[in-house]
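Participant: Each residue of the sequence shown is one higher than the last, beginning at 217 in this note's numbering.
Okay, handing you the structure first.
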Amino acid sequence: MARGRLNSSNKPEAELPKAKLNKETLTKVKRLLAYIRPYRGMFIAALFFLLLSSLVGLAFPSFIGALIDTAGGKRIKPGILPGTISGILSLALLVLFCQAIVSFFRILWFVNVAERSLADIRRDTYFKLITLPMNFFSNRRVGELNSRISADLSQIQDTLTTTIAEMIRQTVLLIGGVVFMAVVSIKLAIALLVLLPPLIVFAIFFGRFIRKISKQAQDKLADSNTIIEETLQGIANVKAFVNEAFEAGRYGKNIREVADIAIKGAKYRGVFVSFIVFFLFGAIVSIVGYGCILVSHHELKVGELLQFALYAMYVGSAMGSFPDLYANMQKAVGASERVLEILEETGEEVSIRETDNVIKQKIEGNLAFDNVIFAYPSRPEITVLKGISFKADAGQKVAIVGPSGSGKSTMAALILQFYHPQSGFISFDGKPSYQYSLTDIRNQVAIVPQDVLLFGGSILENIAYGKLSATKEEIIQAAQKANAHQFIDSFPEKYDTIVGERGVKLSGGQRQRIAIARALLKNPSILILDEATSSLDSESERLVQEALEELMKDRTSIIIAHRLSTIREADKIIVLEKGKIIESGNHAELISNESGLYRYLSGLQFEIG
Numbered sequence: 217m218a219r220g221r222l223n224s225s226n227k228p229e230a231e232l233p234k235a236k237l238n239k240e241t242l243t244k245v246k247r248l249l250a251y252i253r254p255y256r257g258m259f260i261a262a263l264f265f266l267l268l269s270s271l272v273g274l275a276f277p278s279f280i281g282a283l284i285d286t287a288g289g290k291r292i293k294p295g296i297l298p299g300t301i302s303g304i305l306s307l308a309l310l311v312l313f314c315q316a317i318v319s320f321f322r323i324l325w326f327v328n329v330a331e332r333s334l335a336d337i338r339r340d341t342y343f344k345l346i347t348l349p350m351n352f353f354s355n356r357r358v359g360e361l362n363s364r365i366s367a368d369l370s371q372i373q374d375t376l377t378t379t380i381a382e383m384i385r386q387t388v389l390l391i392g393g394v395v396f397m398a399v400v401s402i403k404l405a406i407a408l409l410v411l412l413p414p415l416i417v418f419a420i421f422f423g424r425f426i427r428k429i430s431k432q433a434q435d436k437l438a439d440s441n442t443i444i445e446e447t448l449q450g451i452a453n454v455k456a457f458v459n460e461a462f463e464a465g466r467y468g469k470n471i472r473e474v475a476d477i478a479i480k481g482a483k484y485r486g487v488f489v490s491f492i493v494f495f496l497f498g499a500i501v502s503i504v505g506y507g508c509i510l511v512s513h514h515e516l517k518v519g520e521l522l523q524f525a526l527y528a529m530y531v532g533s534a535m536g537s538f539p540d541l542y543a544n545m546q547k548a549v550g551a552s553e554r555v556l557e558i559l560e561e562t563g564e565e566v567s568i569r570e571t572d573n574v575i576k577q578k579i580e581g582n583l584a585f586d587n588v589i590f591a592y593p594s595r596p597e598i599t600v601l602k603g604i605s606f607k608a609d610a611g612q613k614v615a616i617v618g619p620s621g622s623g624k625s626t627m628a629a630l631i632l633q634f635y636h637p638q639s640g641f642i643s644f645d646g647k648p649s650y651q652y653s654l655t656d657i658r659n660q661v662a663i664v665p666q667d668v669l670l671f672g673g674s675i676l677e678n679i680a681y682g683k684l685s686a687t688k689e690e691i692i693q694a695a696q697k698a699n700a701h702q703f704i705d706s707f708p709e710k711y712d713t714i715v716g717e718r719g720v721k722l723s724g725g726q727r728q729r730i731a732i733a734r735a736l737l738k739n740p741s742i743l744i745l746d747e748a749t750s751s752l753d754s755e756s757e758r759l760v761q762e763a764l765e766e767l768m769k770d771r772t773s774i775i776i777a778h779r780l781s782t783i784r785e786a787d788k789i790i791v792l793e794k795g796k797i798i799e800s801g802n803h804a805e806l807i808s809n810e811s812g813l814y815r816y817l818s819g820l821q822f823e824i825g
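And the structure:
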């Protein structure tokens with residue numbers, strides 16, 4: 217049942233936000249289009265060449281009409297066109313050659329601007345994500361965020377590279393075609409234009425359906441990506457609990473919903489295209505028939521009728537393309553809104569420039585909680601910490617123990633400033649945490665968690681993550697102190713050994729020692745050990761414990777403990793229960809309290825003598 221709740225955040229289809237083309241959404245789209253500004257010179261040149269290419273394309277029906285009339289012995293009206301077949305053909309080929317060159321640069325520059333702009337959007341979206349507070353990630357799933365960066369930005373990419381240019385081109389062909397039709401025959405043009413307004417009105421109302429369905433499809437697709445990511449990340453659990461059928465059913469149901477929504481959208485598009493094909497092109501056939509009557513009455517030449525028919529095809533083709541172009545624009549607007557939701561989030565006050573990642577205020581290691589009250593923003597009704605107060609002097613070892621859910625790991629998150637208390641404050645060296653930058657605090661606090669996350673690179677890269685400027689000698693020295701050098705040296709590729717995704721190629725104890733080496737390299741003033749040995753076998757625990765002793769030397773250490781045997785030598789032990797400190801002292805003091813929780817927890821693990 218727990219897995220079934222993973223999708224509880226999905227919005228019902230009726231609640232999906234609509235990407236309407238109103239003033240608000242256009243303002244948001246305008247913000248994304250601002251990314252084109254650095255490349256506006258190239259963009260303006262591409263637009264100019266696009267207009268030029270489209271206008272040149274409008275000349276070819278005139279060439280065809282002139283050729284037909286000249287071949288039939290009809291004199292064409294004096295103007296820019298030559299009076300001979302060879303002259304008309306030569307001019308047409310020259311114009312065609314120029315259009316080919318213009319089209320090449322138009323495509324090249326449009327794609328250049330689009331790709332550079334999209335790279336900037338991707339960069340800013342990623343930079344924003346990694347600077348957002350932890351609360352943002354607690355309310356969202358990784359697969360959903362990944363979809364925002366991949367699927368939604370790909371939709372925006374298609375719009376920037378193709379849809380905008382094609383919409384401008386088709387608009388020029390539509391307007392130009394109508395103008396040239398009127399020049400050829402005002403009677404035929406008026407007859408045809410009487411049919412246009414109903415078609416335009418129908419196209420506008422059709423956009424509503426495409427907008428809603430496209431948004432639904434995008435969101436469902438994001439859900440399916442999330443399911444894949446969750447399943448693959450937890451593949452061991454899936455297999456251990458023999459839940460392959462459950463996961464297959466869950467994903468299959470979602471994919472069927474995606475397909476159903478897409479098919480529903482295809483029905484609307486099919487109805488519209490059928491309408492366009494029948495009524496628009498049926499009207500063109502009727503108009504051509506009327507043109508034949510005018511030719512028979514010598515009011516129109518055959519070449520002019522053919523010329524008019526070609527312009528009418530331009531107009532019909534342009535109008536026929538607008539539904540898909542409009543639908544793509546609707547998709548892009550919806551995708552833009554979701555990307556902007558990320559870009560408009562308030563990030564933490566941290567810099568993404570490496571030059572700013574330096575310590576400006578040194579922390580000696582004195583740490584204090586003063587009447588801290590805290591509830592997670594995602595669960596404000598549950599108070600996790602209730603008036604927590606304690607002090608850890610520089611160099612002290614302070615252990616925090618208590619039953620699961622008592623708030624131990626929450627205290628670690630508050631020290632790292634992942635969250636901020638609703639009441640009370642946390643201080644470093646006697647100064648409230650808000651007087652320090654987040655960069656200064658996190659640069660001088662290190663954590664060795666129970667579940668170590670390693671990146672999918674080499675061992676050397678994972679250790680160096682604690683200090684990116686470290687030399688290989690410093691990395692090896694840190695590994696030696698962490699009891700990691702011996703097992704690293706036994707690998708054929710030694711420090712260049714690839715650890716696999718999330719470190720799957722290493723054992724739990726090996727991952728733990730890599731994390732300790734990383735923390736040693738960071739050389740923090742305050743160290744947090746979050747149940748760092750609780751899931752290890754005896755030999756691994758011994759090696760890790762020796763490494764931890766080396767790591768804790770001469771620095772403030774906050775030890776969140778599950779195995780109480782690891783904290784007997786702590787200077788101070790804090791006992792938590794239901795978010796409150798109920799006992800405090802050293803091991804000897806607490807174990808002597810026969811009615812205390814610490815003695816009770818110790819009794820569950822050891823025989824008290």
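Ideal Cβ positions, reconstructed from N, Cα and C, are used throughout, including at glycine.
Keep in mind it's a predicted model, so treat the numbers as computed, not measured.
Take every Cβ of the segment 599-613, pair it with every Cβ of the segment 569-585, and state whether three or more of those distances are shorter than 8 Å.
Facilitator: Because the criterion of three Cβ pairs below 8 Å is met, the segment 599-613 and the segment 569-585 touch.
Participant: Can you give me the Cβ contacts of GLU564 inside the same chain, cut-off strictly under 8 Å, excluding the 5 residues immediately before and after it?
Facilitator: Answer for GLU564: THR347, LEU348, PRO349 and LEU654, listed in chain order.
Participant: Taking the straight line between their C-alpha atoms, what separation do you get for PHE343 and LYS547?
Facilitator: About 24 Å.
Participant: To the nearest angstrom, report how far apart ASP746 and ILE732 are at their CA atoms.
Facilitator: Rounded to the nearest angstrom, the two C-alpha atoms are 12 Å apart.
Participant: Taking the straight line between their C-alpha atoms, what separation do you get for ALA438 and SER401?
Facilitator: Their Cα atoms are separated by approximately 52 Å.
Participant: Does ASN226 come out as helix, strand or coil in the three-state DSSP assignment?
Facilitator: Annotation note: pLDDT 39 at ASN226 (below 50); position unreliable, no value reported.
Participant: DSSP on GLU912, reduced to helix/strand/coil?
Facilitator: Any answer about residue 912 is impossible in this case: the structure gives the chain only from 217 up to 825.
Participant: Can you give the Cα-Cα distance for GLN638 and SER552, rounded to whole angstroms?
Facilitator: Straight-line Cα distance between these residues: approximately 34 Å.
Participant: Look at ASP863 and ASN544 and say whether their C-beta atoms are less than 8 Å apart.
Facilitator: Nothing can be reported for residue 863: it is not among the residues displayed for the chain, which extend from 217 to 825.
Participant: What residue range is occupied by the uninterrupted alpha helix (DSSP H) comprising THR626?
Facilitator: Taken as a continuous stretch (DSSP letters only), the alpha helix (DSSP H) holding THR626 covers 624-631.
Participant: Based on the DSSP secondary-structure assignment, which residues constitute the bridge partners of ASP586?
Facilitator: For ASP586, which the question treats as bridged, DSSP gives the partners PHE641.
Participant: What is the DSSP secondary structure of THR772, counted as helix, strand or coil?
Facilitator: DSSP places THR772 in strand when its eight states are reduced to three.
Participant: Could you tell me the alpha carbon to alpha carbon distance between GLU557 and GLY801, rounded to whole angstroms?
Facilitator: So the alpha carbons of these two residues sit roughly 48 Å apart.
Participant: Just list the alpha helix (DSSP H) runs in the segment 472-525, keeping only unbroken ones of 4 residues or longer that don't cross its boundaries, in chain order.
Facilitator: Complete alpha helix (DSSP H) runs here, min 4: 497-512.
Participant: Would you kindly check if the distance between the Cβ of TYR527 and the Cβ of MET397 is under 8 Å?
Facilitator: Yes. Within cutoff.
Participant: GLN726 and PHE703: beta carbons closer than 8 Å?
Facilitator: Against a cut-off of 8 Å, the Cβ pair of PHE703 and GLN726 comes out as a contact.
Participant: Per DSSP, PRO349 forms a beta bridge with which residues?
Facilitator: Looking at the DSSP assignment, PRO349 forms no beta bridge with any residue, so it has no partner.
Participant: Would you list the residues sitting across from GLU799 in a DSSP beta bridge?
Facilitator: BP columns for GLU799 point to VAL791.
Participant: Please identify the residue among GLU360, ALA786, LEU767 and ASN441 whose C-alpha is closest to the C-alpha of VAL617.
Facilitator: Comparing Cα-Cα distances from VAL617 to each of GLU360, ALA786, LEU767 and ASN441, the minimum goes to ALA786.
Participant: Which same chain residues, not among the five before or five after TYR506, have their C-beta less than 7 Å away from its C-beta?
Facilitator: Closer than 7 Å at the Cβ level, and outside the excluded window around TYR506, lie LEU404 and ALA407.
Participant: Figure out for me which residue from ILE675, SER333, ALA763 and GLY672 has the closest Cα to the Cα of ALA698.
Facilitator: Among ILE675, SER333, ALA763 and GLY672, the Cα nearest to that of ALA698 is on ALA763.
Participant: Rounded to whole angstroms, what is the Cα-Cα separation between GLU717 and LEU448?
Facilitator: Cα-Cα distance, rounded: 11 Å.
Participant: Would you list, in sequence order, the uninterrupted beta strand (DSSP E) runs of no fewer than 3 residues that lie entirely inside the segment 697-757?
Facilitator: Whole beta strand (DSSP E) segments, 3+ residues: 742-746.
Participant: Cutting at 6 Å between CB atoms, please list the residues of its own chain near SER354, excluding the five before and the five after it.
Facilitator: Excluding positions up to five away in sequence, the list reads SER594.
Participant: Determine, using beta carbons only, whether ILE730 and ILE790 come nearer to each other than 8 Å.
Facilitator: In this structure, ILE790 does not lie closer than 8 Å to ILE730 by Cβ.
Participant: PHE491 and PHE418 look like a contact to me (Cβ under 8 Å); what is the Cβ gap, rounded to whole Å?
Facilitator: Indeed, because the Cβ distance is near 7 Å, the residues count as touching under 8 Å.
Participant: In three-state terms, what does DSSP make of ILE575?
Facilitator: It is coil, neither helix nor strand.
Participant: Check whether the Cβ atoms of LEU559 and ASP336 sit closer than 8 Å, and answer yes or no.
Facilitator: The answer is no: Cβ separation not under 8 Å.
Participant: Here's the rule I'm using: 16 or more other beta-carbon atoms within 10 Å means buried, otherwise exposed. How should THR379 be labelled?
Facilitator: Counting Cβ neighbours within 10 Å, THR379 comes out buried, since at least 16 surround it.
Participant: So, are the CB atoms of SER440 and TYR467 less than 8 Å apart?
Facilitator: Yes, the Cβ-Cβ distance between SER440 and TYR467 is below 8 Å.
Participant: Whose C-beta lies closer than 6 Å to the C-beta of SER643 among residues of the same chain, with five residues either side of it excluded?
Facilitator: Excluding residues within five positions, the ones whose Cβ falls inside 6 Å are ALA584.
Participant: Locate the alpha helix (DSSP H) running through ILE679, then write down its first and last residues.
Facilitator: Residues 675-680.
Participant: Would you check if the segment 264-274 and the segment 389-396 touch, i.e. whether three or more CB-CB distances between them fall below 8 Å?
Facilitator: The segment 389-396, when compared against the segment 264-274, does touch it at the 8 Å Cβ threshold.
Participant: Once the 5 residues before and after ALA525 are set aside, which same chain residues still bring their CB inside 6 Å of it?
Facilitator: Taken in chain order, the residues that qualify are VAL504.
Participant: For GLU229, which residues in the same chain have their Cβ closer than 8 Å to its Cβ, ignoring the five residues on either side in sequence?
Facilitator: Unreliable positioning characterises GLU229 in this predicted model, as indicated by a pLDDT of 35, which lies under 50. A coordinate reading is not provided.
Participant: With DSSP as the reference, please indicate the residues paired to LEU601 in a beta bridge.
Facilitator: In the DSSP output, where bridge partners are listed per residue, LEU601 has PHE590.
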